[in-house]
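Mapping of the sequence shown onto UniProt numbering: residues 1 to 767, in sequence order. Shown next, in structure tokens, is the structure this report addresses.
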Amino acid sequence: MSVSPNRANTETETEIAIEQEYVCALYDKLDTEREVAQRRLTDTLRQSGGLPQARTERDASARLHSERLAQLGAVEQGLCFGRLDFLDPDRDGPAYIGRLGLFDEGDDYRPLLLDWRAPASRPFYLATAASPDGVRRRRHIRTLTRKVVGIDDEVLDLTEAEDRGRSELGLAGEAALMAALTKRRTGEMGDIVSTIQAEQDRIIRDGLNGVLVVQGGPGTGKTAVALHRAAFLLYTYREQLDRRGVLVIGPNDTFLRYIGQVLPSLGETGVVLTTVGGLFPGVEPTSADSRLAAEVKGRITMVDVLTQAVADRQVLPEPGTQVEVERDTLDLDPEVCARIRDRARATRRPHNLARPVFVDGLLDALAEQAALKLESSVLDGLPDIPVSGDEDPDAPVLDPGDVAEIRAELAADPNVRAAIDALWPALTPQRALADLLSSPERLHSAAARWLTAEERAALVRERGRAWTPADVPLLDELAELLGEDDRQKQATRARREREQRAYAEGVLHIMDQDDELADEEILRVGDILDAELFAERQQRRSELTVAQRAVRDRKWTFGHVIVDEAQELSAMDWRTLMRRCPSRSMTLVGDVAQTGSAAGSTSWSQALSPYVEDRFRVAELTVNYRTPAEIMDFAAGVLHKVDSDAEVPVSVRSTGVEPWHRTEADPAAGLRSIVDRELAEVDGGTVAVLSPAGRLGELPLTPDERLTVSTVERVKGLEFDAVVVVAPDEIVAESPQGLNDLYVALTRATQRLGVVHTGADEFGGAG
């Protein structure tokens, strides 16, 4: 039976009005929740003074209310986006799906809005006509600020669907999905919470434990899946993850800015987002390596190089070396020093933690030498005195107290300290790496067995030069090899604990003497709380969140780690990440066909086997949501050059716009007009011009919020409405992974693709 357009429009308007009324009620509830959270925060901040325990509780309460306010503020846009109507007529009304849960406290906490991560929301993403899971109709609700602007319905009852002339339902929420896919890009990634598809949902809701690898080609939603998985895990395993936090690793800072609003929009504000280069507190990598240097620094052999470099700093004196002290000259005997060094190394402690063993041994040897010299000089200055039968003629002149005093004087002597520092210096990772990379001699000594002369030369740098991203895993490795001698910190902490305990004992004594507690019927404070426990309770906790504490602590271990573009990580990067997650609870997303780094991975087994062997699970994303079929067909030739067996992700849509390509001897000459045309075609959307690094400075373009001019490396994981690829043959020639880079460049576009050649039209099999 056909329905007239006027009647259909009237029915739609009526349904929109119904949804508008409900959405308004949800926003009223949201506003009330905000007011309550703000009032509680204000009341908490007004509290002052009191015992340390009261201040601690106040700070914890303030953090809780602040986080709740941030969560409530982040879900303002698109608060409610879905509704489920059920087949069971006895079920109590429809279920509404949104960014967070809202409940009616006055009606036994009846859910007004289900959090999209809740188990009860899952049919919204998985129900189909063939397997409706009790759902009769799925409705997508489109809003602009607080106004409902449209609805899209899917009837999952096969009978009713056929009555309406719909025998093939296709993707879940197809209308809403297509609207999202064709929406203009803004330079910031949006969430996909309202359009998650079944294969994505299964990955998002996979369990917390173990290593999950999400393999998928361009446009399959790997990044979106990873971020939504982070939000899901924090919701489902809150108690476990709140203590340790979640770490999300991206390939570069541009990518992190691009995805920065996704998790807040899903109600999660406590996740740490960084690059591998951001994992060493106090170091900000702002320089860049040559391709060869970056590749060498990423090799696993750098562990051996750094280990040898540290061992090289544990040196022996040259024969005849002496140290001048206040009253004498002492010999630094190489054989004695060798025995002391071997004893320190035998502890198998890191360099800085083994240093006290070396220092103690050397001071003992020098003190013994100084004592013998002093005894000899004393005896030489005395007259010959007959020895009685009860006296030992060989008894030492100096007693142990005298020797200890000599040792203490030597330990404070600046020349002795300088000698110790020369033989076994206390090192920071930054000093050790700077010393190594700025000295061809040190590099030769440490690396000659593992690196060629050309590779060593590529690593040499001027002292004082800024760190690079590839330096950070080396610094992290050195931190493990060197260790930190924190005895002074521990002594300071112990002193503070003694002071706190003394304070607690005083407070308990005063409380026990309180006349109001004199009644024997009343338990005395000391009966239930000893001073040590009381002191522990009085220690004021840090006001920092878990995320803030984590980024300041190199030894922090996370409850879960998510890595985007994981195929780009070097072997040294993986070592750094694995230290951050000893539980091996990780989600790794990427595509080995898109590996651009020479230090990156060619297979997941290659990357993961050293840490988990074959104990990782792989989930495939096979549907391309970003890239139109016309562009994927164009890029398929390059993909098959990379891997002849690779399957091209199936695009869900076509635009009817074929990629264009042209040849220019000087691609910069007409590029401005090309870009202006593409900007006009995407009508407010974004355009990227991707160029080989060698030509980037020649392009007559000024980037702005709609135009990106970049190398391929800097746009991994990003997407644009239109892309212009300049000199593809040079992109291929620039690196050993050039075809992979070209494949990445060709698959960044959501609407339009153009290629400007400098030679033949054919490149890598596409054209």
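Note that CB positions come from ideal geometry on N, CA and C, so glycine has one too.
Residue i - DSSP class collapsed to helix/strand/coil
i, result
"Arg139", "strand"
"Phe103", "strand"
"Pro440", "helix"
"Tyr237", "coil"
"Asn624", "strand"
"Tyr109", "coil"
"Ala130", "coil"
"Asp304", "helix"
"Cys581", "coil"
"Val23", "helix"
"Asp704", "coil"
"Trp660", "strand"
"Glu329", "First, the residue type needs correcting, since residue 329 is Thr and not Glu in the sequence shown. Strand."
"Glu375", "helix"
"Phe81", "strand"
"Ile97", "strand"
"Val715", "helix"
"Thr12", "helix"
"Ser194", "coil"
"Ala408", "helix"
"Val652", "coil"
"Phe124", "helix"
Length of the line joining the Cα atoms of residue i and residue j
i, j, result
"Val525", "Leu51", "Confidence is the limiting factor: at Val525 the pLDDT is only 45, short of 50, which leaves the residue's position unreliable and the question unanswerable from this model."
"Ala60", "Arg407", "50 Å"
"Gln737", "Asn624", "23 Å"
"Val303", "Leu181", "45 Å"
"Pro429", "Ser673", "51 Å"
"Glu105", "Arg55", "30 Å"
"Phe81", "Gly190", "14 Å"
"Phe621", "Asp153", "For the record, residue 621 in the displayed sequence is Leu; it is not Phe. Cα to Cα, the separation comes out at about 26 Å."
"Glu35", "Thr44", "14 Å"
"Gly754", "His661", "5 Å"
"Val563", "Met578", "11 Å"
"Asp201", "Leu451", "46 Å"
"Val359", "Ile420", "7 Å"
"Arg580", "Ala733", "36 Å"
"Leu169", "Ala127", "Note on Leu169: pLDDT 32, under 50, position unreliable in the model; no value is reported."
"Arg349", "Leu410", "25 Å"
"Leu398", "Arg327", "16 Å"
"residue 768", "Arg752", "Since the first residue of the chain shown is 1 and the last is 767, residue 768 is not available in this structure."
"Ala62", "Arg552", "22 Å"
"Ala179", "Glu57", "48 Å"
Bridge-paired residues (DSSP) for residue i
i, result
"Thr274", "Ile249"
"Val148", "Thr143"
"Ile562", "Val248, Thr587"
"Asp153", "Arg139"
"Phe255", "BP columns for Phe255 are empty, so no partner."
"Gln322", "Asp331"
"Thr216", "The sequence as given places Gly at residue 216; Thr does not occur at that position. BP columns for Gly216 point to Leu621."
"Ser710", "Leu690"
"Arg672", "Note: Arg672 sits in no beta bridge, so no partner."
"Val211", "Met586, Phe616"
"Gly754", "Trp660, Val724"
Integer-rounded CB distance, given that residue j should sit under 8 Å from residue i
i, j, result
"Phe124", "Pro111", "Actually they do not touch by this definition, with Cβ atoms about 14 Å apart."
"Leu423", "Cys337", "7 Å"
"Ile151", "Ile259", "The Cβ separation is near 29 Å, so there is no contact."
"Ala129", "Leu100", "Actually they do not touch by this definition, with Cβ atoms about 29 Å apart."
"Gly483", "Asn352", "5 Å"
"Arg138", "Leu87", "At roughly 12 Å, the Cβ-Cβ gap does not stay under 8 Å, so Arg138 and Leu87 are not in contact."
"Ser265", "Ala74", "6 Å"
Cβ-based burial, residue i [other Cβ within 10 Å; buried from 16]
i, result
"His140", "buried"
"residue 769", "Because the chain spans 1 through 767 in this model, residue 769 falls outside it and cannot be assessed."
"Pro469", "buried"
"Ile300", "exposed"
"Val650", "exposed"
"Ala457", "exposed"
"His65", "buried"
"Arg463", "exposed"
"Pro251", "buried"
"Glu19", "buried"
"Ala607", "buried"
Cβ of residue i within 8 Å of any chain E Cβ
i, result
"Val23", "Although the question refers to chain E, the structure presented lacks it and comprises just one protein chain."
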